[in-house]
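Student: In this text, residue positions in the sequence shown follow full-length UniProt numbering: the first is 1, and each later residue adds one.
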Amino acid sequence: MTDYAIGDIQGCYERLREVLAKVDFSPSRDRLWVAGDLINRGPSSLQSLRYIESLGTSAVVVLGNHDLHLLAVARGGHALKNKDTLSDILDAPDHEHLLNWLCHQNLMVHDPARNFVMVHAGLPHIWGVDQAMGYAGEVEAAIRGPGAEEYFAGMYGNQPAGWNDGLQGMDRLRVITNYFTRMRFIAEDGTLEFAAKESAEDAPEGFGPWFRFQRPDDVRVVFGHWAALEGETESERYIGLDTGCVWGGKLTMMNLDTGEKIHCDCS
1 MTDYAIGDIQ
11 GCYERLREVL
21 AKVDFSPSRD
31 RLWVAGDLIN
41 RGPSSLQSLR
51 YIESLGTSAV
61 VVLGNHDLHL
71 LAVARGGHAL
81 KNKDTLSDIL
91 DAPDHEHLLN
101 WLCHQNLMVH
111 DPARNFVMVH
121 AGLPHIWGVD
131 QAMGYAGEVE
141 AAIRGPGAEE
151 YFAGMYGNQP
161 AGWNDGLQGM
171 DRLRVITNYF
181 TRMRFIAEDG
191 TLEFAAKESA
201 EDAPEGFGPW
211 FRFQRPDDVR
221 VVFGHWAALE
231 GETESERYIG
241 LDTGCVWGGK
251 LTMMNLDTGE
261 KIHCDCS
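#1: Please classify Pro209 as buried or exposed, where buried requires at least 16 other C-beta atoms within 10 Å of its C-beta.
#2: Where are the alpha helix (DSSP H) runs, 4 residues long or more, that stay fully inside the UniProt domain "Calcineurin-like phosphoesterase" (5-149), in chain order?
#3: Roughly how many angstroms separate the alpha carbons of His225 and Leu192, rounded to a whole number?
#4: Using a Cβ-Cβ cut-off of 6 angstroms (strictly less than) and excluding sequence neighbours within five positions of Lys22, which residues of its own chain qualify?
#5: For the alpha helix (DSSP H) holding Gly169, just list the boundary residues, first then last.
#6: So, are the CB atoms of Glu234 and Gly240 less than 8 angstroms apart?
#7: Would you kindly report the start and end of the unbroken beta strand (DSSP E) that includes Arg220?
#8: Quick one, are the C-beta atoms of Phe185 and Ala203 less than 8 angstroms apart?
#9: Out of Glu260, His66 and Asn255, which has the shortest C-alpha to C-alpha gap to Tyr156?
#10: With respect to the beta strand (DSSP E) encompassing Cys264, which residues constitute its N-terminal and C-terminal limits?
#11: Does the distance from the C-beta atom of Met118 to that of Ala5 stay below 8 angstroms?
#12: Assuming Ala148 contacts Ala142 under a Cβ cut-off of 8 angstroms, what Cβ separation, rounded to an integer in Å, is found between them?
#13: Determine the burial state of Ser87: buried for a count of at least 16 other Cβ atoms within 10 Å of its Cβ, exposed for fewer.
#14: Taking the alpha-carbon positions, what's the Ile126 to Pro93 distance?
#15: Roughly how many angstroms lie between the CA atoms of Val34 and Gly162, to the nearest whole one?
#16: Per DSSP, what are the beta-bridge partners of Leu251 in this structure?
#17: Relative to the C-alpha of Met69, which residue among Ala59, Lys83, Ser58 and Arg212 is closest?
#18: With 16 other CB atoms within 10 Å as the buried threshold, where does Gly36 fall?
#19: Less than 8 angstroms between the beta carbons of Ala228 and Ser199, yes or no?
#20: Rounded to whole angstroms, what is the Cα-Cα separation between Leu32 and Asp3?
#21: Would you grab the beta carbon distance between Leu98 and Arg50 for me? Rounded to a whole angstrom, and I think it's under 8 angstroms.
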């Protein structure tokens, strides 16, 4: 069995199948770890979601901001945005099955044997792995529980901008969600900055890329979300897999055992 991790697919189904074909991927033998944003902005969101769901236990998935956006539209009463390509999912006869499956995916997964975690946006330096897993579990429980509509209705927003242990209710869930699915730049005290989306070298004053801050452990982090990085973090410990397929870049997949990266051109 070979485990592969892949960056933001965002509805680019044909490119997904192309990169999987390069390694002769077989769900009966291999596993695909998906770093969030399976859907949206690309041409084939429904096909992409159906395919990943069809892999069953051969897919390990974390939720990205676009995946949560679909659920916020479907469950929380939010409207589609002009650039969304989600209508095919919402109109599909199996949409309830697909949405329910999406709700049962995680915000963070941890593989102790390989000493790595996979998240969509990143792992803030202010949390240890066990802490982060616990906080991720709080949001996962909200998404799957009887208060899911309330969570999705109140999910959006930039406040609170940082973590403190006394946060409760929707404020607590929102900031946890933002760390895992929207984070790029962060301050030493854990304050998030949401406006900047450029490269790591373009950090606003007082902030830096989340992966430049010292952590209390040596865990490796596999993540997506930040296409402007083009996969470059200048560290073997932080493995960026969003290389901007939906924007005409590449779709990147990595062999989790050997570190080999496999690409297909999306231009």
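In this text, a Cβ means the ideal position worked out from N, Cα and C, and glycines have one as well. Owing to the predicted nature of the structure, the values given are computational and were not obtained by experimental measurement.
Tutor: A quick look at the data gives this:
#1: Pro209 comes out buried.
#2: Here the runs fully enclosed are 13-21, 45-54, 65-76, 87-90, 95-103 and 129-144.
#3: Taking the straight line joining both Cα atoms gives about 15 angstroms.
#4: Ile262, listed in sequence order.
#5: That run of the alpha helix (DSSP H) goes Gly169 to Thr181.
#6: Against a cut-off of 8 angstroms, the Cβ pair of Gly240 and Glu234 comes out as no contact.
#7: First-last of the beta strand (DSSP E) with Arg220: Arg220 to Phe223.
#8: Yes, these two residues count as a Cβ contact at 8 angstroms.
#9: Nearest of Glu260, His66 and Asn255 to Tyr156, Cα basis: His66.
#10: Run containing Cys264: Lys261 to Asp265, per the beta strand (DSSP E) assignment.
#11: Yes, they are a contact pair.
#12: With a Cβ gap of about 7 angstroms, Ala148 and Ala142 count as contacting.
#13: With fewer than 16 other Cβ atoms from the protein chains shown falling within 10 Å of its own Cβ, Ser87 counts as exposed.
#14: A straight-line Cα-Cα distance of about 43 angstroms links Ile126 and Pro93.
#15: Computed Cα separation, rounded: 27 angstroms.
#16: Leu251 has Cys264 as its beta-bridge partners, per DSSP.
#17: For the record, residue 69 in the displayed sequence is His; it is not Met. When only C-alpha atoms are compared, the closest one is Lys83.
#18: Burial call: buried.
#19: Contact flag set, yes.
#20: Rounded to the nearest angstrom, the two C-alpha atoms are 6 angstroms apart.
#21: Contact between Leu98 and Arg50 holds, since their C-beta atoms are separated by about 7 angstroms, short of 8 angstroms.
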